[in-house]
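*Asks:* The end of the sequence shown is residue 516 by the numbering used here, with every number in the run present. A virtual CB, placed ideally from N, CA and C, is assigned to each residue, including glycine. A quick note: this is a predicted structure, and the numbers were derived from the prediction, not measured. Here it is: the structure, laid out below.
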Amino acid sequence: MALLMILAVPVVGRAQRDPPYEPTGPIQVSPFHAIASAPAEPTPPVVYTVGDGLPKPDPAAGETCAARVPTGHHPCWPEVWGAVGVPVYVAGSHMAPNGVPFQPLFALDFDFNIGLLPQKQLYLFAENKFWTQRAAVGITNPSQGKFDFSKREYDLELGLAWNVYDNFELRVYAYALNNLNRGDSLSRPFGFKDGVGLEGRYYLADADPYDVGKLSFVSLGYYPSKSMVAGDGAEFKPSVFARAYLTFELPALRSYLYGDGKIIAERAVKPRLLELDFGLAARPFSRMESLEFRIGFDVTGDVQAKTERNLLYGAIRIGY
C-alpha cells in the first residue's frame, strides 16, 4: 500500500504543475482527414445521345459495365438490343407478295440489333415479320376448325447501320417479301419480291438510343433494285422513299402515341405506296418497363391504283 502511494505522488504533482495545452499556431489537418470529412460530390446524371451513346464506365473509379446500365442496356461490347412483338389483327386485309390479298390472324415481329463497334457506332440489324392467315376453305385443315391458321408471309430486312456524325446514320440493307403459300407447287412457295435499300436517318429525340419503340427519326432513301407489290397486286419497281417515325409522351399509364409513315415512289419518281401505322402504346408496370401493350391502326394505300387496305390490331411487345 505504501508503495502505491509513493508511485502516485509524482503523477498527481505533475498534473497540478503542467498548464492545459493551448496551440500556438494554425492547426495542421491530415489530408486523409480532409478527404474523409469533405462532402460527397453528387453523381452526374446519365445523358442519352444517339451519337455518343451511353457514358463509358470509369475503371479508375472502380466502375464496371454493370455500373451504368439504365433500362437494362449495356454500354460495353457486345451490345444487343431490339424488341419482340405479337400483333393480333381484329379486322382488315393485307396484300401478299404474290398479289393475292388475305385476312391476317396474327404475326410475329422480331427486331434484332448487334453492335460491331460500341455505342451504336456500327451495327448489324435484322427486322423480321412472320404473318399468319385466318382459317378458310381450301387454305387450312378443316378438321381444326376456327382454331386453325396457315403460315402466309415472311418479310425480312437485313443490313448494316453506321453512325456517321452526331444523330445521322446511314443504312444499307437487303429486303425479301416471301409468300409462304405453295400455289400450284407441292414442294416450294410461290411468289416473292426482293431488292436492296439505301437509307439516311436523322434521330430526333433524346430518348434511350436502345429503345426502338420510342426512338423518333426521319429518313430519306432509295431502292436501286428490284421489285415490290402494289396495292392492286401488280408488281412495280420502287425508287426513292421517305419515312418518319414519331412518338409523343402521355402522362397517363406511362403511355405514348406513335406514328410511322412511309411513302414509296415508283420509277422514276412517281408516288405509289403510302404506308401508315399509328396508335397508342403503354408500359403500365414500373418494374417491367420492357413490357409494352399497343392498340394500333395500319393503313396501306396505292396512289396510282386508288386502293386502300386497313388493319386494326392489338399487340404485346417486349424490349431487350
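Straight-line CA distance for Gly515 to Val408?
*Replies:* 8 Å
*Asks:* Quick one: what does DSSP say Lys433 is sitting in, helix, strand or coil?
*Replies:* coil
*Asks:* Are the beta-carbon atoms of Leu442 and Ser412 separated by less than 8 Å?
*Replies:* yes
*Asks:* Tell me, please, whether the region 424-436 touches the region 486-506 by the rule of three or more beta-carbon pairs shorter than 8 Å.
*Replies:* yes
*Asks:* Following the continuous beta strand (DSSP E) through Ala292, name the residue where it begins and the one where it ends.
*Replies:* From DSSP, Ala292 is part of no beta strand (DSSP E); its letter is neither H nor E.
*Asks:* Which residues mark the beginning and the end of the beta strand (DSSP E) in which Lys422 is found?
*Replies:* Phe413 to Lys422
*Asks:* If you draw a straight line from the C-alpha of Tyr196 to the C-alpha of Ala357, how long is it?
*Replies:* Outside the shown range of the chain (197 to 516) lies residue 196, about which nothing can therefore be said.
*Asks:* Please report the straight-line C-alpha distance between Asn324 and Glu353, rounded to a whole angstrom.
*Replies:* 7 Å
*Asks:* Give every residue of the same chain whose Cβ lies closer than 8 Å to the Cβ of Leu400, excluding the five residues on either side of it in the sequence, and list them in chain order.
*Replies:* Asn363, Ser412, Phe413, Val414 and Leu442
*Asks:* What are the start and end residues of the beta strand (DSSP E) that includes Gly288?
*Replies:* Val276 to Gly288
*Asks:* Identify whether Arg450 lies in helix, strand or coil by the three-state DSSP scheme.
*Replies:* Looking at Arg450 - three-state DSSP - the assignment turns out to be helix.
*Asks:* I'd like the list of long-range same chain contacts for Glu504, defined as Cβ closer than 8 Å, with 5 residues on each side in sequence excluded.
*Replies:* Gly427, Val495, Thr496, Gly497 and Asp498
*Asks:* Measuring alpha carbon to alpha carbon, tell me which of Phe298, Pro274 and Val296 ends up nearest Ile310.
*Replies:* Pro274
*Asks:* Using a 10 Å radius around the Cβ and a threshold of 16 neighbouring Cβ atoms, would you call Asp402 buried or exposed?
*Replies:* exposed
*Asks:* Note down the Cα distance separating Ala440 from Asp344, rounded to an integer number of angstroms.
*Replies:* 36 Å
*Asks:* Could you tell me the distance, in whole angstroms, from the CA atom of Gln315 to the CA atom of Leu366?
*Replies:* 15 Å
*Asks:* For Gln317, which three-state DSSP category applies?
*Replies:* coil
*Asks:* Within a Cβ cutoff of 6 Å, which residues of the same chain sit near Glu462, ignoring the five residues on either side of it in sequence?
*Replies:* Around Glu462: Phe432 and Arg468.
*Asks:* Near Met484, which residues of its chain fall below 7 Å by C-beta distance, leaving aside the five closest residues on each side in sequence?
*Replies:* none
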